[in-house]
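Q: The structure follows.
In my numbering, the protein residues as written are 196 to 714.
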């Protein structure tokens, strides 16, 4: 029977139960928030809560049995979120009056177009990962997938014509109906798995990490192995598309954008992809020393290149403004965010340093590291933290984008010296420790190579120390160069002011002398 004890055990002791509890909690919070929400900021928060609720159960999907776990799970999450956003955007038009609907159409069209592209790409990718080139495409499951793809393609093809006559509610209702049919097919597909239990070979390592144990690492595997993480890869592709579009828009209107900044952005994105989906990202799951290399690249090397590519400046120059006084626009949102008290707080040098270096101790000297490594989503969150913490720190120190705080270069130098000291102390403490910090995660993998776990941990600490010092020293040199250039510009400006004042004084003396001569 279904009683309170059974429900409590299900939601606390099973992975799917915990994820469904998150989904139910998100629904309950949305029910409370949406009743009192009146501003766009609240709408954004509600949307993020809804995304969490939609995505949570997908982490336990039967897609986890497919090849390419990271690509399969990630593409499924992107697929469902994009389809939900597309459907929500179209349905929202039906609840607006004609004037508001016409005004909102452009924004809804952008959401629908990006969502449609994401849905078709991720849906096709997920289907190929599940079925491959087998005859299962002609099974009921495969035919349902094909029907779903065809309907989605038809909606995407006709959507522009439907929204061209937005005053006709019947067209919008027809598009919404087709989307509901697609969602229904997807819900039905989620009740079945294309892999029967007899065909599924149990792999303990795959159950723990989502990936089978790779062969012993060598240079070839480190540089050319690739295990795509769709969530991270999708974020990188989206960021790259936005950056390229911004540069193209600038060029089209006759403005210039330094090529060096674009190259810097490409290098930063490539390093992140290599450290999360490439050979380094693959082996970082199974070995602490490769994890530490990945950590250093994500938090110290890649962020420097991205910060120097000036993405915020590019966004401010290319993002659209509001179409009326009531509409803030994406650019207005960005400006408001940069001017907010929260931005001023997190860009304080001491706060940025605490997030950048303080999180090392919070992660590696608590059970948190083992807990995060034990799940794909936890590992993804950890990598995201490394990237964001590095971007924040180097934005404050060497960034060329607008900053809510104007930090003197001397303060930046002091902060960098402090970062070097804290990082060195962390590395020494980790290297001196004789206790494993992974909470038994690496031991549970029983890897056939690099079997001395403590030696692997100490090697990781040494690598982290060596790799961590170099980017900070480079940032220190860059700070001195920026300081010198600022002083040179100020001296040049002062010289111009002095020359102008001297010219005015000489002109005054000349006029005074001319006046005396006339008298």
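From the three backbone atoms N, C-alpha and C, an ideal C-beta is built for every residue, glycine too.
(1) Rounded C-beta distance between residue 634 and residue 565? I'm assuming under 8 Å.
(2) Quick one: using the 10 Å Cβ neighbour count with 16 as the cut-off for buried, is residue 453 buried or exposed?
(3) Using 8 Å as the threshold, is the stretch 430-449 in touch with the stretch 542-557, meaning 3 or more CB pairs across them?
(4) Hey, is the stretch 332-342 in contact with the stretch 453-464, meaning 3+ C-beta pairs nearer than 8 Å?
(5) Is it the case that the Cβ atoms of residue 571 and residue 268 are separated by a distance below 8 Å?
(6) Which class does residue 449 belong to by DSSP, given the choice of helix, strand or coil?
(7) Based on the DSSP output, what are the partners of residue 594 in its beta bridges?
(8) Can you look up residue 473 in the DSSP assignment and give me helix, strand or coil?
(9) Taking the CB atoms as reference points, tell me whether residue 250 and residue 225 lie closer together than 8 Å.
(10) For residue 383, collect the residues of the same chain with a Cβ closer than 6 Å to its Cβ; drop the 5 residues on either side in sequence, then sort them by chain order.
(11) Sort 277, 604, 333 and 659 by Cα distance to residue 316 and report the nearest one.
(12) Distance, Cα to Cα, residue 220 vs residue 401?
(13) Go ahead and label residue 305 buried or exposed: buried means 16 or more other beta carbons lie within 10 angstroms of its beta carbon, across all protein chains shown.
(14) Going by DSSP, what residue range makes up the alpha helix (DSSP H) through residue 495?
(15) Between residue 218 and residue 252, which are expected to be in contact by the criterion C-beta below 8 Å, what is the C-beta distance as a whole number of angstroms?
(16) Is the separation between the beta-carbon of residue 586 and that of residue 492 shorter than 8 Å?
(17) Just how far apart, CA to CA, sit residue 215 and residue 241?
(18) Measuring straight from C-alpha to C-alpha, what distance separates residue 674 and residue 592?
(19) Kindly indicate which residue of 507, 247 and 376 has the alpha-carbon position closest to the one of residue 595.
(20) By alpha-carbon positions, which one of 665, 525 and 614 ends up nearest to residue 745?
(21) By the three-class DSSP mapping on this structure, what secondary structure does residue 309 have?
(22) Could you tell me which whole alpha helix (DSSP H) segments of length 4 or greater appear in the stretch 534-592?
(23) Using alpha carbons as the reference points, say which of 540, 495 and 281 lies closest to residue 312.
(24) Grab me the residues of residue 658's own chain with a C-beta within less than 7 Å of its C-beta, minus the 5 sequence neighbours each way, in chain order.
(25) Rounded to whole angstroms, what's the CA-CA distance from residue 563 to residue 375? Just pull it up for me.
(26) What first and last residue would you give for the alpha helix (DSSP H) that runs through residue 506?
(27) To the nearest angstrom, report how far apart residue 482 and residue 209 are at their CA atoms.
(28) For the alpha helix (DSSP H) that residue 418 lies in, which residues bound it at each end?
(29) What's the call for residue 333, buried or exposed, on a 16-neighbour Cβ count within 10 Å?
(30) Within a Cβ cutoff of 8 Å, which residues of the same chain sit near residue 640, ignoring the five residues on either side of it in sequence?
(31) Assuming residue 418 contacts residue 466 under a Cβ cut-off of 8 Å, what Cβ separation, rounded to an integer in Å, is found between them?
A: Quick answer:
(1) To locate residue 634, count along the chain shown from 1; it is residue 439. To locate residue 565, count along the chain shown from 1; it is residue 370. Sure, about 2 Å apart at Cβ, within 8 Å.
(2) Here residue 453 refers to the residue found at position 258 when the chain shown is read from its first residue. Only exposed fits residue 453, as fewer than 16 other CB atoms lie within 10 angstroms of its CB.
(3) no
(4) no
(5) The residue you call residue 571 lines up with position 376 of the chain shown. The residue you call residue 268 lines up with position 73 of the chain shown. Yes. Within cutoff.
(6) By one-based count along the chain shown, residue 449 stands at place 254. Three-state DSSP puts residue 449 in coil, outside helix and strand.
(7) By 1-based counting over the chain shown, the position of residue 594 is 399. Answer is none; residue 594 lacks a bridge partner.
(8) Mapped onto the chain shown, residue 473 falls at position 278. Note: residue 473 maps to strand in three-state DSSP.
(9) What you label residue 250 is simply residue 55 of the chain shown in a count that begins at 1. What you label residue 225 is simply residue 30 of the chain shown in a count that begins at 1. Going by C-beta atoms, residue 250 is not nearer than 8 Å to residue 225.
(10) For the purposes of this step, residue 383 is taken as residue 188 along the chain shown, with counting starting at 1. Answer for residue 383: no residue qualifies.
(11) Here the question's residue 316 lines up with position 121 in the chain shown. It is 277 whose Cα lies nearest to the Cα of residue 316.
(12) Here residue 220 refers to the residue found at position 25 of the chain shown. Here residue 401 refers to the residue found at position 206 of the chain shown. Approximately 30 Å, taken between the alpha carbons.
(13) Along the chain shown, one-based indexing puts residue 305 at 110. When all chains shown are included, residue 305 counts as exposed.
(14) Residue mapping note: residue 495 aligns to position 300 of the chain shown, counting from 1. Where residue 495 is concerned, there is no enclosing alpha helix (DSSP H), given that its DSSP letter is neither H nor E.
(15) By one-based count along the chain shown, residue 218 stands at place 23. By one-based count along the chain shown, residue 252 stands at place 57. Confirmed, about 6 Å.
(16) Position 391 of the chain shown, counted from the start, is the residue given in the question as residue 586. Position 297 of the chain shown, counted from the start, is the residue given in the question as residue 492. Not in contact: residue 586 and residue 492 (Cβ atoms no closer than 8 Å).
(17) Here residue 215 refers to the residue found at position 20 when the chain shown is read from its first residue. Here residue 241 refers to the residue found at position 46 when the chain shown is read from its first residue. Distance between the alpha carbons of residue 215 and residue 241: 18 Å.
(18) Indexing the chain shown from 1 puts residue 674 at position 479. Indexing the chain shown from 1 puts residue 592 at position 397. If you take the alpha carbons of residue 674 and residue 592, they lie about 7 Å apart.
(19) In the chain shown, residue 595 corresponds to position 400, counting from 1. Nearest option by C-alpha distance: 507.
(20) In the structure displayed, the chain extends from 196 to 714; residue 745 sits before or after that span and is not available.
(21) As a position in the chain shown, residue 309 is number 114, starting the count at 1. Residue 309 falls in the helix class under three-state DSSP.
(22) 536-541, 544-548, 554-559 and 563-568
(23) Counted from its first residue, the chain shown places residue 312 at position 117. Out of 540, 495 and 281, 281 has the C-alpha closest to the C-alpha of residue 312.
(24) Here residue 658 corresponds to residue number 463 of the chain shown, with the count starting at 1. 484, 487 and 488.
(25) Here residue 563 corresponds to residue number 368 of the chain shown, with the count starting at 1. Here residue 375 corresponds to residue number 180 of the chain shown, with the count starting at 1. CA-CA distance, residue 563 to residue 375, rounds to 41 Å.
(26) Stepping through the chain shown from its first residue, residue 506 is reached at position 311. Looking at the DSSP string, the run of the alpha helix (DSSP H) that includes residue 506 is 506-513.
(27) Stepping through the chain shown from its first residue, residue 482 is reached at position 287. Stepping through the chain shown from its first residue, residue 209 is reached at position 14. Separation of residue 482 and residue 209 (C-alpha to C-alpha, rounded to the nearest whole angstrom) is 27 Å.
(28) Locating residue 418 in the chain shown gives position 223, counting from the first residue. From DSSP, the alpha helix (DSSP H) with residue 418 extends over 414-419.
(29) Counted from its first residue, the chain shown places residue 333 at position 138. With fewer than 16 Cβ atoms within 10 Å of its Cβ, residue 333 is classed as exposed.
(30) As a first step, residue 640 must be located in the chain shown, where it is residue number 445. Around residue 640: 400, 403, 404, 408 and 481.
(31) Indexing the chain shown from 1 puts residue 418 at position 223. Indexing the chain shown from 1 puts residue 466 at position 271. Actually they do not touch by this definition, with Cβ atoms about 13 Å apart.
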